[in-house]
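Worksheet for the structure shown next.
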Amino acid sequence: MDSNENRESGSDRRTFLQSLAAASAAGVLGTGAASGGQTAADAYHQGLQSRLMDEEGLPEGTFVYSDTEQATLDAFSLQGGDQGTETQFDVSADVPITLGDRVAIEEDASNGYSYTYKSNITDREFSEGDVLLAVAYMRGPNAAAAEESVEVQAQFKYQFTDPDGETGYSDSFIEGTERVTLGSEWRRFYFPIEVGAKPDGSDYIPYVEFWTGFGQQTVEFGGVALLDYGTGVDVGELPTTAFDYEYPGRAEDAEWRSAAQDRIDELRKTDFEVTVVDADGDPVPDAEVEVAMQAHEYDWGSAIAVSQWPDGSDTYREKFLDNFNKAVPENGLKVPAWEGRYGDSLDKDNTRAAIDWMLERDIPTRGHALVWSTYEWMGIDDSLSATEVNEEVERLIRERANEFEGDLPEWDMHNHPLFYPEIWQDIGQEYVLDWWEAANEADPDSQMYINELNIVAGDQLTNDYYDHIEWLTDNDAGVEGVGFMSHFGLGSLTPPTELLDRFDRFAEFGVPLQLTEFDIQINDRSNENEVAAQRDYLRDALTAAFSHEAVEGVMSWGFWEDEHWRPTAAYYDSDWTLRPHGEEYRRLLFEEWWTEQSGTADGDGVYSGRGFEGTYEVVARDGERIGAETVEFTDDGASVEVRIEAGSIADIDLDVDGHTLVGDDTVDLGVTLTSVGGYDLPVPEGSLSFESADKDVLMIDEEGVVSVAGEGTATVTVTVTAYGDTAAASARFAARESADLGDPALSDDASDLSVADSNDNVFAAGYASRQGDDSFFQKSEGGQAGSVTYRLSEGVAAFEVDAYVNNNATDSDLSFAVSSDGESFEPVDVAPTVVEPPNDSNGYYAFWTYSQVGGLPDDAEYLRITIPEGPEAYAMVVGAVDVYSEAVSLDADDPTGPAVVVDGLQAGATYEAPRAADVSIADDESSVSSQSVTLNGDAFEGGEIVSRGRNTLDVSATNASGVTTATDFSFEVTRNDEDLIARLQPSATQGTVGERLTFQVIDTSGSGAHIDELEWTFDDGTTATGYWNAHRYEEPGIYTVELTATNSDGETTTDELTVWISELEGVLAEAKPSATEASVDERLTFAVEDTSGENRWITDLQWDFGDGETAEGWWAEHRYDSTGTYTVELTATDNLGYSTTDEVEITVS
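Note that our numbering has the sequence shown beginning at 174, numbered continuously upward.
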């Protein structure tokens, strides 16, 4: 069954505050009332009382409504909408009741509480802690043939007048399961109750009600009773309804399961063979091979909400890609949506955007649906003639089929041909053949499916469906696939063996079968038995489908609670928590039915195995030689040749669990290398080196484990030297020696607004009956934002804020901002941690915590918390606020620095010129704000390196958060003489400023042509010619000396050599005093020791005696007039103008 409208999430639930608005709008004000007193108990009530006392050991309870069936049923009435009826009738079934009340709902109500079977209690009051037991016999007389499950939800509540004079409704006080699925047979249900505190207000009226508005359904009630036990028993002593969800074949060791697994191995797996060869095509024996599945060949798809395109939840789209390989728009291609009757979010633009998005990712998409044969759904006037009606149906078929011709590999051509046969029963079945013909002509490449319910989930239409398909086949209608809507409920868990039998039967038509709309609805997600049954049945239904040769796919009918027509059936909660049956879905698809193998090739380079059909990445390695291929493993088998060559690094990534370290915390720097082909490269042993930028803050050992050395922030860099390349990445950490932040400098329990500095559109509220804190801040008026601002003069360094969020507002978020002056605020991006998701036990209020430790501006004194305008006033509230003035401060939004990859160069290596090299810099999380790449001090943009000698590459890159990755290393370059006319030969490749270097020429021109011309450049602005030159460098640096030679044939070559010039080591001259200790007026002499070295000489010597007196020359004498310690300076200047100063201390006493 499909949803025919755009539904709001969670519409079948209501919370404490939702119920107020909903019940008021529906006029649910309870006209029925409890009877004024007890009468002589009838047989049913006497039997019920006896059973509870004798079998359950309970004391005698007081019947609240009445102790007769008639009076109790008379107290209840159907309330709410105007399309429901209530009829009393006699019960003759084998149950202890004699009277029933039939409630029939004739519309698809928007909410369960739109219709309620209810009775107020006006003759007594209850106190907090009182224990009661509600009892009812119920059934869905038409459940066996119903399109959906028949459901009822029981409630015990207070209606009251709140402090503002408005009518309100408390939460329900029923303990345990409230919502139940009914079968076609009578069943007794128990609902234990423990009365909670009354909400603030007055005029309290307790009542019992049963929500019945869960769709077009008929519910029969009988034996309704409410027993009051006061405080004489504990609610845990009361009986509960034992729900039994067993079905044949559920057991782990069920006989059918082993046979199914054997068929899966035979049908869904294939043999494969991988041959590993080298660059010359020769086999590589003993190569390591990894075979990793990337995608299933089998169709595991899902319905999608086109409202999520083109804009919408990124998480929604990501989770779809994580779990499914096929899509079907749930509503967007239906006639009402296509014509705009479902609203803007389900119009043609959204649908086209969603399908285009799938096409861009090569994800096949089914069309749903061309025909749904009711006048209303097709939008056809039922007063038209049969011919005119048929023409309209064909037009609507062609319009959408033509629009997407070639884009959709499948269509549900006729949806609900039997459940909704209105049109063809009216104008004649023969017209159905025209519809199939029109569809096949409009899109001949698309497989046309028939699709119906109650075939596998229930069997009410199984025979009729078979007969109808047989009729279509006999008339060559062109049915190319059979779809089974598979909307299972707890009352329709078809045993796996029966599923297989039905698959066998319909496989006779020789066309593919699909479970087109698969889900399993339960009533109460807090009921462990229901959740377990849902998980196990998903396992068994998918196993049965996957094991049958004719079943080619399973389409889940949605996956997220907020976009699912049956929210309890979704794989993911509203907050994207994966539910148990969702975990089972992923376990089956990505563990049990997923192939990842590795092993060693044999002597012929061959590795073979068996895996599930699908897309695979096959990677082969032999040392640092690597190769990979992406290949399809099909039922015809798979054979792939992988050619391995020297690997090359394309990217480096760090996997860091956390960037804030406190006390004894440590974190491993996990390094991932990616090849040019996009596959993982193993990190060779010994290829990693680590460095901490501030060892007083962070330590890192040789294994890459980061630990706390002090307090502050520091960056750690990891460098990988492997695969002929060099790669580097960095991460910034905040470190704190103590884990204790101490007591918050400011704490607010949200009981009043006195702690806050200011507020806007909020007030302090509280409800003792709701989940979480009993006080909180909520907006005064919905539709506009509300905020509360705190000031902490010591500074805002950290904060923690609790929030309680209604089930229907979990797509909202608190926002935070800080300020130094209370005027200009800077946003702070904080994501919530879900402490507890919304569920029945907490009134469908999620508990979130927002925590920010550090990372705030140093001058922040104000913290503003804003509740967004979107949710209703009550839907998102602030429960508690703690603000700290001291914390660890991680001063980077993106604490992982850019990735640096140097292609073709490694530290310490020697290369033959010309050497090609390149440098790439990228940051996956944020932009690169600055970068510098230099080779021997000059900008380098990649290319060939030809300069002989020692070369140094220096790379530095900083991201937008200020985190820098830097690496520098040296390597040698040599050059073969064969391609040179002349080769330069230095006296040295390293020297100091002013040192005389000589350069001579080695003739490498060979026989024939001779050298005509030799030109030199020394990279400091000077040039020379000839076979020999001497040169001195006046500044330190890295210089490239070039010798350009031209021969007699006019040919020219240039030889390059890198020369390193450093600062002068030591001083040009040393001062040598006759003594370093002397008396006042004692004569001291000062001599000079020449340390200038070879090829330079001293031209000037200046003395400063530290007492204002100076001298010059190679020798001096001096007397001091007073005691003290004096620094004597000797400044020497050489022939290049280079100066150094030597110092010596003289103590005068």
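Glycine residues also receive a C-beta, built at the ideal position from the N, C-alpha and C atoms. Since the model is a prediction, treat every value here as computed from it, not as a measurement.
Practice task
Return helix, strand or coil for Phe236, following the three-state DSSP convention.
Solution key: Residue state for Phe236 is assigned as strand, using DSSP reduced to three classes.
query = Using the beta-carbon count (16 or more within 10 Å), is Pro617 buried or exposed?
reply = exposed
Would you mind working out which of Trp545, Asp828, Asp1193 sits nearest Arg905, comparing C-alpha positions? Asp828
Discussion item. Quick check on Ser960: buried or exposed, where buried means 16 or more other Cβ atoms within 10 Å of its Cβ?
Written reply: buried
Quiz prompt | Collapsed DSSP secondary structure at Leu926 in the structure displayed | solution = Here Leu926 sits in coil by DSSP.
* Asked: In terms of alpha-carbon separation, which member of Leu846, Glu954, Gln770, Arg1148 lies closest to Val464?
  -> Gln770
Item to complete: Under 8 angstroms by Cβ, that's how I've got Thr235 and His218 pegged, so tell me the actual separation to the nearest angstrom.
Response: Actually they are not in contact, since the Cβ atoms of Thr235 and His218 sit about 11 angstroms apart, beyond 8 angstroms.
Give the DSSP bridge partners of Arg361, in chain order. Per DSSP, Tyr310.
Q. Under 7 angstroms between the Cβ atoms of Thr1258 and Glu1290?
A. yes
_Under 8 angstroms: do the region 1011-1025 and the region 982-996 share three or more Cβ pairs, one atom per stretch?_
yes
Original post:
At a cut of 8 angstroms, does the region 220-228 reach the region 249-262 through at least three beta carbon pairs?
Top reply: no
ask   = When the Cα atoms are used, what is the spatial distance from Val928 to Asp921?
value = 6 angstroms
(request) Locate the beta strand (DSSP E) running through Lys1245, then write down its first and last residues. (result) 1242-1246
Inset, instruction - Rounded to whole angstroms, what's the CA-CA distance from Trp749 to Glu757? Just pull it up for me. - result: 16 angstroms
Quiz item: Mind checking Gln390: buried by the 16 CB within 10 Å criterion, or exposed?
Solution: buried
Inset, instruction - Starting from the Cα of Asp930, find the closest Cα among Ser486, Gln1163, Thr538, Ser992 and give me that residue. - result: Ser992
Am I right that Val1073 and Ala900 are in contact with their C-beta atoms under 8 angstroms? What's the rounded C-beta distance? 7 angstroms between Cβ atoms; contact.
Practice task
Compute the Euclidean distance between the alpha carbons of Arg698 and Leu411, then round it to the nearest angstrom.
Solution key: 21 angstroms
### Query
Looking at Gln389 and the ligand NAP, is the gap between the Cβ and the nearest heavy atom below 6 angstroms?
Ligands displayed in this structure: none; no statement on the ligand NAP is therefore possible.
* Beta carbon of Val1056, beta carbon of Val1001: below 7 angstroms? -> The answer is no: Cβ separation not under 7 angstroms.
**Message:** On the DSSP bridge list, what partners appear for Ser1235?
**Reply:** Thr1165
How should Ala424 be labelled, buried or exposed, when 16 other C-beta atoms within 10 angstroms of its C-beta is the threshold for buried? exposed
Worksheet item: Closest by CA to Gly654, which one among Asp1176, Glu681, Asp637, Gly454?
Response: Glu681
Return helix, strand or coil for Ala753, following the three-state DSSP convention. Reading off the sequence shown, one finds Pro at residue 753, where the question assumed Ala. Three-state DSSP puts Pro753 in a helix.
*asked:* Quick check on the burial criterion: 16 or more other C-beta atoms within 10 angstroms. Buried or exposed for Ala1053?
replied: buried
**Report entry** Beta-bridge partners of Asp274, as assigned by DSSP
**Finding:** Gln261, Phe394
Item to complete: Using beta-carbon positions only, say whether Val304 and Tyr238 come within less than 7 angstroms of one another.
Response: no
For this session: Would you check if the region 284-295 and the region 373-383 touch, i.e. whether three or more CB-CB distances between them fall below 8 angstroms?
Result: yes
Taking only the alpha-carbon atoms, compute the straight-line gap between Thr1304 and Arg1292 and give it to the nearest angstrom. Cα atoms of Thr1304 and Arg1292: separation of roughly 20 angstroms, rounded to the nearest angstrom.
From this set, Asp522, Arg712, Asn504, which residue's C-alpha is nearest Glu765's C-alpha? Arg712
- Item | Cβ pair Leu519, Gly540 closer than 7 angstroms | no
**Asked** Hey, Ala615 and Ala650: beta-carbon distance below 7 angstroms or not?
**Response** no
| field | Reference Gly778; option with closest CA among Ser1252, Phe763, Glu814, Gly883 | value | Glu814
**Report entry** Reference Phe998, options Val1026, Tyr963, Val457, His469, closest by Cα
**Finding:** Closest in alpha carbon position to Phe998, among Val1026, Tyr963, Val457, His469, is Tyr963.
Can you give me the C-alpha to C-alpha distance between Glu1238 and Thr1107, rounded to a whole angstrom? 25 angstroms
Contacts around Ser862, its chain only, beta-carbon distance under 6 angstroms, and the 5 residues preceding and following it disregarded: Thr892
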